[in-house]
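Residue numbers (numbering that gives the first Met the number 0), protein chains in the order written: chain A, 0 to 376; chain B, 0 to 760.
From the three backbone atoms N, C-alpha and C, an ideal C-beta is built for every residue, glycine too.
A quick note: this is a predicted structure, and the numbers were derived from the prediction, not measured.
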Amino acid sequence: MPRLTFYPLGNADTILIDLANGKKILFDFADMRCADDDEDKRCDLQSALRDDLKNAKRNGYEILAVTHLDNDHTCKADEFFYLDHADKYQKGDRAKIGTLWVPACLIIESRNDLEPGARALQAEARHRLIKNYGIRVFSRPESLRGWLKDQGIRLEDRQHLITDAGNVAPELNIADDGVEFFVHSPFGWRQDEQTVIDRNGNSLVMQATFAVDGVNTCVILGSDADHEALSQIVQTTRRHKQDVPLVWDIFKLPHHCSYLTLGPERGQDETKPDKDVAWLFQDQMQRGGIIVSTSWPIPSKGSEEDESSQPPHRQAANYYRRIIREKDGQFIVTMEHPRESAPKPLVIDIDRLKARVKREQSIGAAALTAVSAPRAG
Amino acid sequence: METTFLDAGGVPVDARSLAIPRARDLVGALSRGILDFVRVVECRHRAAGGSGAEAEIIVVDLDIQRPQIVENDIRFVERIAVVFQIDDETYPEVLALRSDFPLVPHRNLRAEEFPRSLCLYDQSWDEVRTRWTASAFIERIRSWLADTATGTLHRGDQPLEPLLFGTRYRLVIPADVVKVDGEKAEKLDVSLVPSGEHRGTLIAAKPQGPRPKGQAPQFIASMFFGEARQHGVIRHAPRNLEELADFVKGETFDLLAELRQRVIRWKEDGCLEAALIIVIAFPLQRQAGQAAEISDVWAFVTTKSVFDVGRLIGVWDRVSSGKQTSVGLIVPADASRRGGDVGLEVVRPHFSFSRAIAAQASGAEPVTCRAVAVGVGALGSQIVMNLVEGGFGIWTVIDDDELMPHNLARHVLPPWCVGMAKAMAVAGLIDACYEEENPTRAVVANVLRPGEQAKAVDAAFGEAELILDFAASVPVARHLARQVDSSARRASLFLNPRGSDLVCLSEDQKRTITLDCLEMQYCRALIRDEGLSGHLEANTKRARYARSCRDVSFALPTHLMSIHAGIGSQAVRNVMTTADAAINVWRTEAVNCGTVVVDVPVYPVHRATVGDWTLVIDDWLFQTLSELRVAKLPNETGGVLLGTYDLPRKTVYVVDTIPSPPDSEEWPTLYIRGSVGLREKVASITEMTANQLEYVGEWHSHPDGCSCMPSDDDFKVFAWMTDRMSAAGLPALMTIIGEGCSSLWFLGKMERNGGWNPDPI
Chain A
0 MPRLTFYPLG NADTILIDLA NGKKILFDFA DMRCADDDED KRCDLQSALR DDLKNAKRNG
60 YEILAVTHLD NDHTCKADEF FYLDHADKYQ KGDRAKIGTL WVPACLIIES RNDLEPGARA
120 LQAEARHRLI KNYGIRVFSR PESLRGWLKD QGIRLEDRQH LITDAGNVAP ELNIADDGVE
180 FFVHSPFGWR QDEQTVIDRN GNSLVMQATF AVDGVNTCVI LGSDADHEAL SQIVQTTRRH
240 KQDVPLVWDI FKLPHHCSYL TLGPERGQDE TKPDKDVAWL FQDQMQRGGI IVSTSWPIPS
300 KGSEEDESSQ PPHRQAANYY RRIIREKDGQ FIVTMEHPRE SAPKPLVIDI DRLKARVKRE
360 QSIGAAALTA VSAPRAG
Chain B
0 METTFLDAGG VPVDARSLAI PRARDLVGAL SRGILDFVRV VECRHRAAGG SGAEAEIIVV
60 DLDIQRPQIV ENDIRFVERI AVVFQIDDET YPEVLALRSD FPLVPHRNLR AEEFPRSLCL
120 YDQSWDEVRT RWTASAFIER IRSWLADTAT GTLHRGDQPL EPLLFGTRYR LVIPADVVKV
180 DGEKAEKLDV SLVPSGEHRG TLIAAKPQGP RPKGQAPQFI ASMFFGEARQ HGVIRHAPRN
240 LEELADFVKG ETFDLLAELR QRVIRWKEDG CLEAALIIVI AFPLQRQAGQ AAEISDVWAF
300 VTTKSVFDVG RLIGVWDRVS SGKQTSVGLI VPADASRRGG DVGLEVVRPH FSFSRAIAAQ
360 ASGAEPVTCR AVAVGVGALG SQIVMNLVEG GFGIWTVIDD DELMPHNLAR HVLPPWCVGM
420 AKAMAVAGLI DACYEEENPT RAVVANVLRP GEQAKAVDAA FGEAELILDF AASVPVARHL
480 ARQVDSSARR ASLFLNPRGS DLVCLSEDQK RTITLDCLEM QYCRALIRDE GLSGHLEANT
540 KRARYARSCR DVSFALPTHL MSIHAGIGSQ AVRNVMTTAD AAINVWRTEA VNCGTVVVDV
600 PVYPVHRATV GDWTLVIDDW LFQTLSELRV AKLPNETGGV LLGTYDLPRK TVYVVDTIPS
660 PPDSEEWPTL YIRGSVGLRE KVASITEMTA NQLEYVGEWH SHPDGCSCMP SDDDFKVFAW
720 MTDRMSAAGL PALMTIIGEG CSSLWFLGKM ERNGGWNPDP I
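Take a look at the structure:
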């Protein structure tokens with residue numbers, strides 16, 4: 000049974016995807032917790048993931064997808080992963096990566112503001128692309144030609160490692176893995192008949208379709224796409240007369256419930272979405288769908304956080320709360336689940352009845368036997 | 000699509016004012032903040048009065064682990080009221096407050112439809128309360144809701160449970176009443192077995208001919224068949240006949256119209272003063288489109304007599320002319336009278352015991368095998384009743400004895416049967432269990448001398464598929480094996496003298512190894528199998544029950560009889576599911592009651608007529624004699640043969656040997672059987688087998704290359720044996736074992752070209 004686990008990390012993303020066949024996929028990695036702050040309710044991500052690997056008797060992931068290089072998607076990756084490009088990332092108990100999934104920007108972008116996690120992942124991605132193994136770059140192939148040429152590599156020799164938007168990532172398929180990943184972004188934006196503009200700054204946006212006993216459950220992994228990018232994704236997809244790749248049962252919100260995901264104006268109490276974005280959220284939502292905001296708790300009206308420009312934005316949340324009511328859905332904020340005072344990883348199991356949020360009480364013997372006992376004297 | 004909630008009853012109070020311990024526990028557990036997925040909405044207090052005892056009510060919101068796709072409309076968050084009554088005498092009631100909470104299975108029957116009451120437990124409150132904690136209670140509610148969402152809570156044919164009332168009376172209706180046509184069930188006489196003030200069991204019986212004049216019944220029940228529908232036709236307890244009729248009204252079914260017709264037919268039946276019980280069976284259709292399986296049955300006692308019911312549904316009125324009053328029909332019936340004044344009380348319907356229910360309760364399939372029980376003493380009666388109560392068998396019981404007071408120690412029959420023929424009383428007991436087309440037959444006879452019952456006995460055996468011998472008598476077992484004309488398999492079940500061991504001898508399906516042969520192989524096991532040591536040790540605890548010297552019974556603990564009757568009933572079932580013959584012995588330690596089972600191997604049997612005698616041997620003996628011969632080659636060897644005689648049938652069973660005594664002379668062409676220790680050995684074997692095995696003859700071997708034909712010396716030995724055995728009235732037996740398992744058997748006389756030469760194994 001496939002399972003998604005969203006870790007409570009404040010405004011940051013890490014999603015673990017377990018497939019029925021035992022494969023493990025990680026979407027982003029951002030270990031945000033302050034280790035020396037007892038009040039920090041964010042999850043100790045490295046311990047949680049290490050325990051999970053230990054329980055599964057595994058040493059790493061088939062796939063690590065890095066949707067873009069911002070710190071809230073890459074933080075401390077340099078501490079956790081075994082990276083091939085430098086010795087210093089190979090000491091101790093580190094998680095191996097089978098294939099890296101990255102958008103083109105991760106290869107070609109030159110940024111001076113990168114934190115160590117992002118820097119290490121970028122170096123690893125470039126290393127693997129140059130060495131011609133263990134990587135898939137999502138991009139219009141042309142956009143990589145220049146960078147490859149600088150490395151003395153012909154684009155044609157790396158073509159097999161590049162997948163353009165509108166395709167399915169070749170590493171996984173329904174028959175063997177019970178899932179496929181359709182690539183929405185990065186994409187080329189057709190400005191008019193003649194001109195296609197590379198939106199290479201765009202992060203990796205995908206739709207995962209899980210098939211269990213012939214029933215499909217679709218998950219949009221929204222990375223940090225804003226309303227403009229989402230509108231263009233919708234228009235491009237619909238221009239290709241393909242609605243299916245935008246159908247969703249679970250929507251991982253971009254950018255921690257920012258109003259900019261929906262439209263340009265924050266609004267008073269509810270953000271008004273762009274037309275295409277509204278179509279994506281409202282028309283494409285399946286009954287009982289789940290919107291997941293990987294964020295801090297939604298601020299109450301008039302609170303200090305509510306005045307802040309930083310997400311999560313109450314007005315965006317109000318929009319989501321309204322639309323889920325219309326389709327018997329759920330809106331779940333990682334730092335509020337199951338309780339704001341004690342957030343725990345959000346686990347969603349997928350079976351022939353589609354998505355089901357795990358809501359098991361962990362008390363008494365169940366709580367005691369799930370973990371090692373504290374040291375006794 | 001705003002969600003609205005129903006009133007939970009009572010008035011809001013501060014959580015700190017709660018006084019009922021379980022209510023305090025629940026709020027305490029929730030306020031400590033260690034439970035996820037549950038939030039307190041409010042606390043309320045309800046004073047004693049209309050809706051029951053004083054209670055405290057906790058309203059909570061629960062997060063439900065529910066998938067996207069659901070069978071029933073259960074939401075991700077459900078508002079639930081938990082009602083704790085001050086007396087704590089039943090489950091806290093759990094009410095779903097959402098105003099459009101769906102009609103789902105496993106609810107409690109209440110006076111009002113809303114709020115719906117969830118039925119959480121299939122155990123009694125007394126059991127539940129021993130492990131009740133607030134957190135487990137919340138989890139139980141959450142899992143009820145989660146399983147209801149996916150439609151997986153479903154457990155078969157469970158109707159609504161009357162939780163708060165209606166449990167004072169139960170109604171037993173004949174098990175087959177839902178199968179029989181409506182006419183037979185139109186009017187059932189009902190008698191009340193009281194069990195206290197205003198409580199008891201109403202027992203409905205199918206009509207057995209016309210009712211004697213002047214015996215007006217206190218109650219009558221009338222059975223109706225509603226239309227197949229999904230569960231939940233009756234959403235709350237109907238208060239009166241009109242409400243019930245509205246609930247059950249279908250496209251073709253109209254309760255009031257049907258009842259009016261029936262009541263008219265009963266006018267002259269003398270039951271007008273009886274209270275009317277209405278029973279309605281619904282062919283249950285759990286899911287739309289799926290075939291109906293079983294009937295959901297509801298029963299209601301009306302608060303009125305048949306006459307009043309008729310009056311209140313517009314069938315008739317009392318008419319007075321002068322001083323005479325009579326019942327005057329209203330034609331056509333007054334359909335505006337709809338029984339709104341006829342109060343109803345829910346009674347719990349139960350089906351009478353049946354073979355199907357019996358088998359189901361035993362976790363077994365019903366078995367309609369024609370079985371004859373020969374002997375229904377303590378063991379037989381208990382085994383038979385165990386089988387009957389598990390839905391096994393169509394029975395004939397044969398016994399010539401009467402139940403005596405001392406039998407009560409271990410017999411299945413109750414004290415008021417003392418003096419009755421055991422066969423009759425046991426048959427009566429079987430038929431009282433469940434009524435069937437084939438009533439149990441009782442034959443009061445001794446199978447060895449049935450006298451005028453011979454025809455009945457023969458008929459029973461002739462039709463039987465299984466003959467069970469509980470007579471604990473070797474002659475009876477041999478008679479059943481050899482004398483009775485029937486294709487039925489036989490099995491003997493008996494206890495050893497001390498009652499510590501149960502023996503079951505069962506023939507194979509083809510009856511190639513019959514009871515008499517099994518008995519012999521069982522005897523051999525007593526001397527060969529260490530696992531059976533002490534089996535026939537005598538019971539020295541005798542109990543005299545009357546004056547004559549034969550009026551002695553053995554003291555035998557009741558519990559050993561019951562344990563072995565229990566084992567025996569399963570042993571009988573095992574016989575029916577295996578094709579092979581078997582000898583099983585269950586040995587129970589009398590104090591700690593540990594039981595071990597000893598399986599005695601069964602060997603194929605050879606039977607031959609030699610002169611006017613019959614000789615029976617088996618493969619084990621054959622093989623043993625051949626091995627003893629080979630071990631001594633090139634010399635001859637021999638020994639004595641052990642077995643038993645059935646003189647009335649002129650049969651000798653040979654089962655074992657005592658090999659060559661140490662002082663025997665064994666030469667290549669000569670064998671002289673010695674005698675050192677032989678007499679003692681024979682004596683000890685006779686004792687170990689309670690006189691069942693004795694000396695029956697001699698055997699010796701011939702060397703390789705030499706036939707089994709007797710030599711001149713052999714003739715002399717045979718003459719010597721004949722001399723001595725005939726004095727005892729018994730035939731001499733000599734066996735010569737030759738090369739390659741060949742053999743010749745001489746019984747009664749020895750001739751040059753005679754003897755029995757069985758096929759070597």
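Going by alpha carbons, who is nearest to leucine 8/A out of His72/A, Arg355/A and Asp35/A? Position 9 of the first sequence holds residue 8/A. Checking every option, the nearest Cα to that of leucine 8/A belongs to His72/A.
Taking only three categories from DSSP, how would you classify glutamate 693/B? Residue numbering aside, residue 693/B sits at position 694 when the second sequence is read from its first letter. Strand at glutamate 693/B.
Just to confirm the assignment, what range does the alpha helix (DSSP H) spanning glutamine 260/B have? Along the second sequence, one-based indexing puts residue 260/B at 261. Its alpha helix (DSSP H) spans residues 254–264.
Please name the residues in the stretch 198–218 of chain A whose beta-carbon is closer than 9 Å to at least one beta-carbon of chain B, in chain order. Val214 and Thr216
Can you name the start and end residues of the alpha helix (DSSP H) that alanine 11/A belongs to? What you label residue 11/A is simply residue 12 of the first sequence in a count that begins at 1. That residue, alanine 11/A, is in no alpha helix (DSSP H); it is neither H nor E in DSSP.
What is the C-beta distance between serine 625/B and cysteine 740/B, in whole angstroms, given that I count them as a contact (C-beta under 8 Å)? Taking the first residue of the second sequence as 1, we reach residue 625/B at position 626. Taking the first residue of the second sequence as 1, we reach residue 740/B at position 741. Contact flag correct, Cβ pair sits at about 5 Å.
If I'm right that arginine 628/B touches serine 700/B with Cβ under 8 Å, what's the distance once you round it to whole angstroms? For the purposes of this step, residue 628/B is taken as residue 629 along the second sequence, with counting starting at 1. For the purposes of this step, residue 700/B is taken as residue 701 along the second sequence, with counting starting at 1. About 4 Å; that satisfies the 8 Å criterion.
Spatial neighbours of arginine 144/A in its chain, beta-carbon cut-off 6 Å, leaving aside the 5 residues before and after: Sequence index remark: in the first sequence, residue 144/A carries index 145 (1-based). Cβ within range, chain order: Leu154.
Does chain A have any CB closer than 8 Å to the CB of aspartate 307/B? Position 308 of the second sequence, counting from 1, holds the residue named residue 307/B. Output row for aspartate 307/B: interface = no.
If we cut at 8 Å on Cβ distances, does alanine 354/A have a partner in chain B? For the purposes of this step, residue 354/A is taken as the residue at position 355 of the first sequence. Yes, contact with chain B.
Contact set between glutamate 359/A and chain B, taken where Cβ atoms lie within less than 8 Å: Reading the first sequence from its first residue, position 360 is the one you call residue 359/A. What glutamate 359/A touches in chain B: Gln64.
Would you verify that the beta carbon of proline 344/A is, or is not, closer than 8 Å to some beta carbon of chain E? Among the protein chains in the structure shown, which are A and B, there is no chain E.
Glutamine 84/B - partner residues in DSSP beta bridges: Looking up residue 84/B in the second sequence gives position 85. Looking at the DSSP assignment, glutamine 84/B forms a beta bridge with Ala54/B.
Comparing C-alpha positions only, which one of Tyr670/B, Pro173/B and Val373/B sits nearest to arginine 354/B? Start at 1 with the first residue of the second sequence, and residue 354/B comes out as number 355. Measuring from the Cα of arginine 354/B, the nearest candidate turns out to be Pro173/B.
Just to confirm, are glycine 9/B and isoleucine 56/B a CB contact at a threshold of 8 Å? Here residue 9/B is taken as the residue at index 10 of the second sequence, counted from 1. Here residue 56/B is taken as the residue at index 57 of the second sequence, counted from 1. Yes. Within cutoff.
Pull up the distance between the alpha-carbon of serine 16/B and that of cysteine 42/B, whole angstroms please. Looking up residue 16/B in the second sequence gives position 17. Looking up residue 42/B in the second sequence gives position 43. One C-alpha to the other measures close to 9 Å.
So which residues on chain A does glycine 32/B lean against when the C-beta distance must stay under 9 Å? Position 33 of the second sequence holds residue 32/B. Ordered by position in chain A, the residues that pass the 9 Å Cβ test against glycine 32/B are Arg338, Ser340 and Ala341.
Taking only runs of the alpha helix (DSSP H) that begin and end inside the stretch 309–388 of chain B, which ones reach a length of at least 4 residues, in chain order? 354–360 and 377–388
Taking Cβ-Cβ distances shorter than 7 Å, what residues in chain B pair up with aspartate 248/A? Residue mapping note: residue 248/A aligns to position 249 of the first sequence, counting from 1. Result: Gln67.
Using 8 Å as the limit for Cβ to Cβ distance, is aspartate 35/B near chain A? Here residue 35/B refers to the residue found at position 36 of the second sequence. So, interface residue.
Taking DSSP's pairing of strands, which residues face isoleucine 137/B in a bridge? Your numbering for residue 137/B matches position 138 in the second sequence. None; isoleucine 137/B has no bridge partner.
Buried or exposed: which applies to asparagine 495/B, given that a residue is buried once 16 or more other Cβ atoms fall within 10 Å of its Cβ? Along the second sequence, read from residue 1 onward, the residue named residue 495/B stands at position 496. So asparagine 495/B counts as buried.
Would you kindly work out how many angstroms separate the C-alpha atoms of leucine 255/B and alanine 424/B, rounded to a whole number? Start at 1 with the first residue of the second sequence, and residue 255/B comes out as number 256. Start at 1 with the first residue of the second sequence, and residue 424/B comes out as number 425. Their backbone Cα atoms lie some 46 Å apart in a straight line.
Cβ separation of threonine 513/B and alanine 480/B, assumed to be a contact under 8 Å, to the nearest whole Å: Translated into positions along the second sequence, residue 513/B becomes position 514. Translated into positions along the second sequence, residue 480/B becomes position 481. About 4 Å; that satisfies the 8 Å criterion.
Which same chain residues end up closer than 7 Å to glutamate 179/A when comparing Cβ atoms and leaving out the 5 residues on each side of it in sequence? Working through the first sequence from its first residue, we reach residue 179/A at position 180. Contacts found: Val167, Leu171, Asn172, Ile173 and Thr208.
Where alanine 273/B sits in the DSSP three-state scheme: Mapped onto the second sequence, residue 273/B falls at position 274. Three-state result, alanine 273/B: coil.
Burial state of glutamate 306/A (16 or more Cβ within 10 Å): The residue labelled residue 306/A in the question sits at position 307 within the first sequence. Its Cβ having fewer than 16 others within 10 Å, glutamate 306/A is exposed.
Compare the C-beta of isoleucine 290/A against all C-beta atoms of chain B and say whether one is closer than 8 Å. To locate residue 290/A, count along the first sequence from 1; it is residue 291. So no, isoleucine 290/A is outside the interface.
List, from N- to C-terminal side, the beta strand (DSSP E) runs of 3 residues or more that fit wholly inside the stretch 626–713 of chain B. 637–645, 650–658, 664–666, 669–671 and 693–700
Tell me the DSSP secondary structure of glutamine 206/A in three-state form. Residue mapping note: residue 206/A aligns to position 207 of the first sequence, counting from 1. DSSP places glutamine 206/A in strand when its eight states are reduced to three.
Based on the DSSP output, what are the partners of methionine 31/A in its beta bridges? Numbered from 1 along the first sequence, position 32 holds the residue referred to as residue 31/A. None; methionine 31/A has no bridge partner.
Select from the stretch 70–88 of chain B all residues with a C-beta closer than 8 Å to any C-beta belonging to chain A, and list them in chain order. Arg74 and Phe75
Chain A partners of aspartate 149/B, CB-CB under 8 Å? Within the second sequence, residue 149/B is the residue found at index 150, counting from 1. The question names aspartate, yet the displayed sequence has threonine at residue 149/B. Chain A residues near threonine 149/B: Leu352.
Spatially closest choice to valine 654/B from Val442/B, Ser194/B, Ala580/B and Asp515/B, by CA coordinates: Residue numbering aside, residue 654/B sits at position 655 when the second sequence is read from its first letter. Among Val442/B, Ser194/B, Ala580/B and Asp515/B, the Cα nearest to that of valine 654/B belongs to Asp515/B.
In chain order, what residues of the same chain have a beta carbon less than 8 Å from the beta carbon of glutamate 435/B, not counting five sequence neighbours either side? The residue given as residue 435/B occupies position 436 in the second sequence. These residues qualify, in order along the chain: Arg354 and Ile393.
Can you list, in chain order, the residues of its chain with a C-beta nearer than 8 Å to that of glycine 165/B? Leave out the 5 residues immediately preceding and following it. On the second sequence, position 166 is the one that residue 165/B refers to. With a pLDDT of only 47 at glycine 165/B, under 50, the local geometry of the prediction cannot be trusted, and the value read off the model is given with reservation. So the list reads Leu108, Ala236, Glu344, Val345, Val346 and Arg347, once near-sequence residues are dropped.
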